[in-house]
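According to the working numbering, the sequence shown is numbered sequentially starting from 324. All C-beta atoms, glycine included, are put in the ideal place defined by N, C-alpha and C. All figures in this text were calculated on a predicted structure; none of them were measured in a lab. Okay, structure first, notes after.
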Amino acid sequence: MEIKITFVGDVLFDGEMVKYIEQYRKGNGILDFHSIFAPMQMLFSQSDFVLANLETPISDCEDDYTKKRWEFCTAYEFAEALKESGVDYVSTANNHCLDRGIVGLEKTIKCLDQIGLLHSGIGCVGENREPVIAEIAGVRIALLSYTYGTNAMTNRQYLGYRKNRKLVNLFQEQEGAIERISPLMWYIRRHPGGFAERVRNGLLRRIYPENIGKDWYEKTTPGMYRRWLLSTELRRVKRMGADMTAVYLHVGGQYNCEPNVLTKRMIQWLMKKGCSIVIGNHEHVVHGCIHNTSSNQLATYAIGNFLGSAGTLHEPYDRYAEYSIAVHTYIDSIKKKINKVTFSVLVSCKNDNGTYEVWPVKEWISTLPENIARKKIEDCLTVAKLFSNQVYDRLLDEYLLCMM
Numbered sequence: 324m325e326i327k328i329t330f331v332g333d334v335l336f337d338g339e340m341v342k343y344i345e346q347y348r349k350g351n352g353i354l355d356f357h358s359i360f361a362p363m364q365m366l367f368s369q370s371d372f373v374l375a376n377l378e379t380p381i382s383d384c385e386d387d388y389t390k391k392r393w394e395f396c397t398a399y400e401f402a403e404a405l406k407e408s409g410v411d412y413v414s415t416a417n418n419h420c421l422d423r424g425i426v427g428l429e430k431t432i433k434c435l436d437q438i439g440l441l442h443s444g445i446g447c448v449g450e451n452r453e454p455v456i457a458e459i460a461g462v463r464i465a466l467l468s469y470t471y472g473t474n475a476m477t478n479r480q481y482l483g484y485r486k487n488r489k490l491v492n493l494f495q496e497q498e499g500a501i502e503r504i505s506p507l508m509w510y511i512r513r514h515p516g517g518f519a520e521r522v523r524n525g526l527l528r529r530i531y532p533e534n535i536g537k538d539w540y541e542k543t544t545p546g547m548y549r550r551w552l553l554s555t556e557l558r559r560v561k562r563m564g565a566d567m568t569a570v571y572l573h574v575g576g577q578y579n580c581e582p583n584v585l586t587k588r589m590i591q592w593l594m595k596k597g598c599s600i601v602i603g604n605h606e607h608v609v610h611g612c613i614h615n616t617s618s619n620q621l622a623t624y625a626i627g628n629f630l631g632s633a634g635t636l637h638e639p640y641d642r643y644a645e646y647s648i649a650v651h652t653y654i655d656s657i658k659k660k661i662n663k664v665t666f667s668v669l670v671s672c673k674n675d676n677g678t679y680e681v682w683p684v685k686e687w688i689s690t691l692p693e694n695i696a697r698k699k700i701e702d703c704l705t706v707a708k709l710f711s712n713q714v715y716d717r718l719l720d721e722y723l724l725c726m727m
């Protein structure tokens, strides 16, 4: 027997999209987001299990909703609509998970639990978290979620080094966290441009040469303790009887043309640790993938925003940011191995009233005027090539990536 597992990208309801939130409000005053995901229901129904990265806190209180462009919080009904469209699991460790602080973290967990949406990546204060293992047609798949950081340099939400340190699954320390407690950094901040700062900068350039010229969200920070925690969880799920391990890895820069050093390094590290599937994402655009037939492993560098306003309401308009990839893995439930991998190209499109919908591109193209459709077909084929490094001459519901 063969089971089909589908992975989609980042699910956002960002600061540009929230300007049109009243368009989703029905006559009874209730917010209803089902129209966003309705075009995806057929594709999702063809899978046995669907996973996504939920890149926003969730709350049942309107006072918490997104007010700033890059600090998010979205309605309970949004996550409810995502679940009812066919999504079974969401990854929650990402750079926006602390946009409403630890209180928002716990509200998100409470909401997702009430909805019945399986999740991993964040925890509550004082909670001993158990790894999430989903059993699908007899195949036990461990579902892990880890992130490079939490936008701490902008939202100022630091976990500290005591009881809250493990609330978010990080594979390296929060950006700026070590600098906040270091006596050396305290001295440097008070003596800018001095000898200590020059020595510090010289050492950092040698230790992390890939950080030179990079924005803070692309930088490598110390991660020995965090990698140990991740390694410990990987060993633990094996002891718990997981047949396979799938990791949502929130990593990378933004809108780059190719994956950065940290992304490649972390994906290779996880594959060496034996992870069956690594879904790298964060770039808001589509990058390539790795498939190793001999070790039966799959990894992606970036699969784009499943839902987001990039490329439609704001720049960049030239990176195909409105498109994303749905990765389909077909798994032999007896051998507990990947048989083949296919993918579909998806699109986030904005309606005239400011609302959004997510479509499989083949269905979406059929709704467009012929003169517009021709150009969009070219874009879709380009995105398919960006992901697979293969050239296609027509739109398909699913493209074969590889046989395992």
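Residue i - partner residues in DSSP beta bridges
{"i": "G603", "result": "L572"}
{"i": "P683", "result": "L669"}
{"i": "K327", "result": "Y653"}
{"i": "R463", "result": "E458"}
{"i": "C321", "result": "The requested residue 321 does not occur in the structure, where the chain is confined to residues 324 to 727."}
{"i": "Y643", "result": "BP columns for Y643 are empty, so no partner."}
{"i": "S414", "result": "N376 and S443"}
{"i": "Q620", "result": "N615"}
Proximity of residue i and residue j at Cβ, strictly below 8 Å
{"i": "M726", "j": "K659", "result": "no"}
{"i": "L585", "j": "I600", "result": "no"}
{"i": "Y347", "j": "F356", "result": "yes"}
{"i": "N628", "j": "D333", "result": "yes"}
{"i": "Y469", "j": "L572", "result": "yes"}
{"i": "K587", "j": "L636", "result": "no"}
{"i": "I445", "j": "I456", "result": "no"}
{"i": "Y643", "j": "V714", "result": "no"}
{"i": "K685", "j": "L709", "result": "no"}
{"i": "T415", "j": "T397", "result": "no"}
{"i": "P454", "j": "M324", "result": "no"}
{"i": "R528", "j": "L493", "result": "no"}
{"i": "Y343", "j": "G677", "result": "yes"}
{"i": "E541", "j": "G576", "result": "yes"}
{"i": "Y531", "j": "A519", "result": "no"}
{"i": "S370", "j": "T329", "result": "yes"}
Neighbour-count burial assignment, residue i, 16 or more Cβ in a 10 Å radius
{"i": "Y412", "result": "buried"}
{"i": "H610", "result": "buried"}
{"i": "H607", "result": "buried"}
{"i": "Y388", "result": "buried"}
{"i": "I535", "result": "exposed"}
{"i": "K486", "result": "exposed"}
{"i": "Q497", "result": "buried"}
{"i": "C612", "result": "buried"}
{"i": "N418", "result": "buried"}
{"i": "W393", "result": "exposed"}
{"i": "C447", "result": "exposed"}
{"i": "Y624", "result": "buried"}
{"i": "S368", "result": "exposed"}
{"i": "I695", "result": "exposed"}
{"i": "I657", "result": "exposed"}
{"i": "V373", "result": "buried"}
{"i": "G603", "result": "buried"}
Residue from the options whose Cα sits closest to the Cα of residue i
{"i": "L421", "options": "K699, Q480 and Y571", "result": "Q480"}
{"i": "N376", "options": "H605, P639, R423 and D655", "result": "H605"}
{"i": "G461", "options": "V664, Q713, V714 and I326", "result": "I326"}
{"i": "I648", "options": "D655, S667, I657 and L636", "result": "S667"}
{"i": "R488", "options": "N524, E450 and R513", "result": "E450"}
{"i": "W687", "options": "S671, G338 and V410", "result": "S671"}
{"i": "G472", "options": "I438, T543 and S632", "result": "T543"}
{"i": "G424", "options": "I381, V410 and Q437", "result": "I381"}
{"i": "M340", "options": "N615, S408, D675 and E721", "result": "D675"}
{"i": "V570", "options": "Q591, K699, F518 and N524", "result": "Q591"}
{"i": "E744", "options": "F395, L428, L526 and P362", "result": "Since the first and last residues shown for the chain are 324 and 727, residue 744 lies out of range."}
{"i": "I654", "options": "L704, V664 and S689", "result": "V664"}
CB-CB length for residue i against residue j, believed under 8 Å
{"i": "E400", "j": "L335", "result": "In fact, because the Cβ distance is near 16 Å, the residues do not count as touching under 8 Å."}
{"i": "D383", "j": "C434", "result": "6 Å"}
{"i": "V681", "j": "L630", "result": "5 Å"}
{"i": "P683", "j": "L366", "result": "5 Å"}
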